[in-house]
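From first to last, the protein sequence lines stand for chains A and B. Read in this note's numbering, the first sequence has 10 at position 29, and its numbers run on one by one without any break. Read in this note's numbering, the second sequence has 307 at position 326, and its numbers run on one by one without any break. Everything on this sheet refers to the single structure shown next.
Protein chains: 2
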Amino acid sequence: MTEHRAYKTIQKLERSAGFFPVILAMYRIGVDLGGTNIAVGLVNDDYVITARISVPTNALQAAEGVVAGIGDAIERVLEKSGLTGPDCAGIGVGAPGTCDTERGIVFRSYSLSWNNVPLAAMLEERFHLPVRINNDANCAALAEVKAGAAKGCKNVVLVTLGTGIGSGIVINGTIYSGYLGSGTEMGHMLLDYNGEQCSCGRKGCWDAYASSTALVVQAKRAAFSRPESRLNSLPQITGQSVFEAAEQGDVTAIAIINKYCEYLALGISNIINVLAPEMILIGGGVSSQGERILEPVRKYARENCFDKREEAMPIIKIASMGNEAGIIGAAVL
Amino acid sequence: MTEHRAYKTIQKLERSAGFFPVILAMYRIGVDLGGTNIAVGLVNDDYVITARISVPTNALQAAEGVVAGIGDAIERVLEKSGLTGPDCAGIGVGAPGTCDTERGIVFRSYSLSWNNVPLAAMLEERFHLPVRINNDANCAALAEVKAGAAKGCKNVVLVTLGTGIGSGIVINGTIYSGYLGSGTEMGHMLLDYNGEQCSCGRKGCWDAYASSTALVVQAKRAAFSRPESRLNSLPQITGQSVFEAAEQGDVTAIAIINKYCEYLALGISNIINVLAPEMILIGGGVSSQGERILEPVRKYARENCFDKREEAMPIIKIASMGNEAGIIGAAVL
């Protein structure tokens, strides 16, 4: 019996007898590594974050510096909880880029300017704990399946609407990363191969139509051609403020939001045609609009699906774990 | 030890001793059910079709008649081989539509005009053998992974270019069917949401640009506006004849083929961005062109991928099992 299995067995026995549940709970460390901040949390067996900390990434420094920062943050979280490394089962990191999950290497991250950083080995050396890494959106999708809006589902796609469109795929309850960790860039499916310029270099990706950045671009253009629109009196046009203007009855803003939901639904219908998941979750900034976007998206998506059977339509809803998904998903990798 | 396991053990012993390999080989029956023909084959443990038959589907009759036709064809194949039902491990059927693989029901097939046909139960009643069903393109993808061009690969997408674009996905070595068998209609991803009318009802699907039907439409349009083109002197414009005219130096045909390969590659790059499979196989009529399409498709696909790392590009090649894939894949479901 390995040490870990023995530990788990004791844990089960103790639990059934009602002894020492706090001391013997198994913790995992989850790291949500972003271009701006590093969030570290201690996650228990019930997928609850019992302690957390957030520190700046300082992405301009060399990778060694960022990884040292992750390590320091982990130590502070452990300290905060009165624990040490050996009290934990392992460390998981969600990184903003493509990862070789088997070898624990971040292949490439644009937001960190990383190429081939052996992140897992660097953290293993410091903490002598097993370290797993994966893409951040994949971690978020896994968290939703383990403990969030998609709990118990087998095949789920999470789409996050932020500066860009992120995506994570869970198939048969585990993350699908694709060959060499390249997969699941769903924001870079086409809506129009001759269309809007995308940040990836080609034209017409879904990202260039349905990210929150794209929504702001669409609103600015419309405001320029409609001087009477309330959008022109806003101190700043943001995704949030376009929705607010629409709510206050601004005709231009309403038209933009309707069109934006159509774009969103075109990509969702692509996902349904290609993967037919049980559930599609929407996360990221724009998802705070809830039913305001879900209702039109469901309608447009159904109209644009190949298989129009009512029962074949996946459930489309908002992701429930917000910022915690990254930490929890990384912890349970 | 179950009867089946005992049988397999005897089989292995006999094989290693060199006795009775023919008599003790395990056969499976594979049915490739098409809108025009029903192809039935007896498949051995080495994924070889040892006997086969093809009969017309007569799709205009009721489903009971088609299923009776499948049953009769199975009996003729068994008879041809001097076998009976109990000599076989099971029956598999690849059907042209969406299937509930767990309950063995063909939900919907446009080419057969079927809705909710309990195909597996109907054949089980007649043959008293386990019957499995799946979508025909999924069966073809499975066959390629088991014994064809993708042998040994884990994550593979097969795209078939025919009247429409079919697709099959294999993930972790098994067919991915999606929720309620709806998945993998990759031909119905968008290239241009305002573009060509697609047979599915919406505009701009890949199918409307890169199926062989679409190639013929593109060639007819071009021939009309270019009276000098050799295409105008053809008795009939087919996918094949456009490639031939291009090979003979017809400028219009060359331009059409180049554009067609671009359309093909746009969809392939979508597949890479969404699923990053190890390998993408191209099958169906147009695939007989081999390197003539592969070379430009690889070039355009790489240019259009999000992850441009050389090592992250999947292998793109032609499916190797042709018409046999449907039977073999169904047999090993």
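Glycine is no exception: its CB is placed at the ideal position from the N, C-alpha and C atoms.
Check, Outcome
"Would you tell me roughly how many angstroms separate the C-alpha atoms of G307/B and G264/B, rounded to the nearest one?", "12 Å"
"Beta-carbon within less than 6 Å of S222/A's beta-carbon, same chain only, minus the 5 sequence neighbours each way: which residues are those?", "L215"
"Using 10 angstroms around the beta-carbon of S210/B, count the other beta-carbons present and answer buried if the total reaches 16, otherwise exposed.", "buried"
"At a CB distance below 9 Å, what residues from the region 157 to 168 of chain B approach chain A? Give them in sequence order.", "Y157, S158, G159, Y160, L161, G162, S163, G164, T165, E166, M167 and G168"
"By alpha-carbon positions, which one of R107/A, L171/A, E45/A and G154/A ends up nearest to G133/A?", "G154/A"
"Taking a contact to mean a Cβ-Cβ separation below 8 Å, would you say V47/A touches G85/A in this structure?", "no"
"How would you call R9/A, buried or exposed, if buried means at least 16 neighbouring beta carbons within 10 angstroms?", "buried"
"Between L275/B, K289/B and M103/B, which has its C-alpha nearest E166/A's C-alpha?", "K289/B"
"Do you know how far the Cα of G15/A is from the Cα of T79/A?", "13 Å"
"Along chain A, which residues have their Cβ under 7 Å away from the Cβ of T141/B?", "Per Cβ cutoff of 7 Å: no residues; T141/B is ~15 Å from chain A at best."
"Which residues of the region 73 to 106 of chain A have a Cβ closer than 8 Å to any Cβ of chain B? Give them in chain order.", "T79, F88 and R89"
"Distance check for T219/B and S269/B, CA to CA, integer angstroms please.", "13 Å"
"Any C-beta of chain A sitting closer than 8 Å to the C-beta of E259/B?", "yes"
"For the region 279 to 289 of chain B against the region 164 to 184 of chain B, do three or more pairs of beta-carbon atoms, one drawn from each stretch, fall closer than 8 Å, so that the two count as touching?", "no"
"Can you find the residues in the same chain that come closer than 6 Å, C-beta to C-beta, to I34/A, ignoring five residues on each side of it along the sequence?", "V21, A54, R57 and V58"
"For the putative contact between G73/A and G129/A, defined by C-beta atoms under 8 Å, what is the C-beta separation to the nearest angstrom?", "G73/A to G129/A, Cβ: 16 Å. No contact."
"Strictly below 7 Å CB to CB, what residues from chain B border D27/A?", "Going along chain B, no residue has its Cβ under 7 Å from D27/A, so there is no contact; the nearest lies around 28 Å."
"Using 8 Å as the cut-off, can you tell me whether the region 186 to 194 of chain A makes contact with the region 176 to 194 of chain B, which would need three or more C-beta pairs spanning the two stretches below that distance?", "no"
"Would I238/A pass as a contact of I297/A if the rule is Cβ separation under 8 Å?", "no"
"Is there contact here, the region 223 to 231 of chain B with the region 99 to 106 of chain B, by at least three beta-carbon pairs under 8 Å?", "no"
"Please name the residues in the region 174 to 186 of chain B whose beta-carbon is closer than 7 Å to at least one beta-carbon of chain A, in chain order.", "Y174, N175, C181 and R183"
"Whose CA, out of L41/B, A124/B, Y160/B and T31/B, lies closest to the CA of G75/B?", "A124/B"
"In chain B, which residues lie less than 7 Å from E292/A when you measure between Cβ atoms?", "L161"
"Would M7/B count as contacting chain A if we go by Cβ distances under 8 Å?", "no"
"Return the CA-CA distance between N136/A and E177/A, expressed in angstroms with no decimal places.", "31 Å"
"For a cutoff of 8 Å on Cβ pairs, would you count L245/A as touching chain B?", "no"
"What does a CB cutoff of less than 6 Å around A204/B pick up in its chain, not counting 5 residues either side in sequence?", "S210, L212 and N213"
"Going by beta-carbon coordinates alone, are I19/B and G50/B separated by less than 8 Å?", "yes"
"Among the candidates C69/A, T141/A and G63/A, whose CA atom is the shortest distance from the CA of N25/A?", "C69/A"
"Residues of chain A with CB closer than 7 Å to the CB of G285/B, please, in chain order.", "Looking at the sequence provided, one finds Asn at residue 285/B rather than Gly. Residues of chain A passing the Cβ test: R183."
"Alpha carbon to alpha carbon, how far is P77/B from S92/B? Give it in angstroms, no decimals.", "7 Å"
"What is the DSSP secondary structure of M260/B, reduced to helix, strand or coil?", "strand"
"DSSP puts C80/B in a beta bridge; with which residues?", "V87/B"
"Determine, using beta carbons only, whether P295/B comes closer than 8 Å to chain A.", "yes"
"Where does K61/B fall in DSSP's three states?", "helix"
"Could you pull out every residue in the same chain whose Cβ sits closer than 8 Å to the Cβ of L64/B, ignoring the five residues on either side in sequence?", "Y8 and L23"
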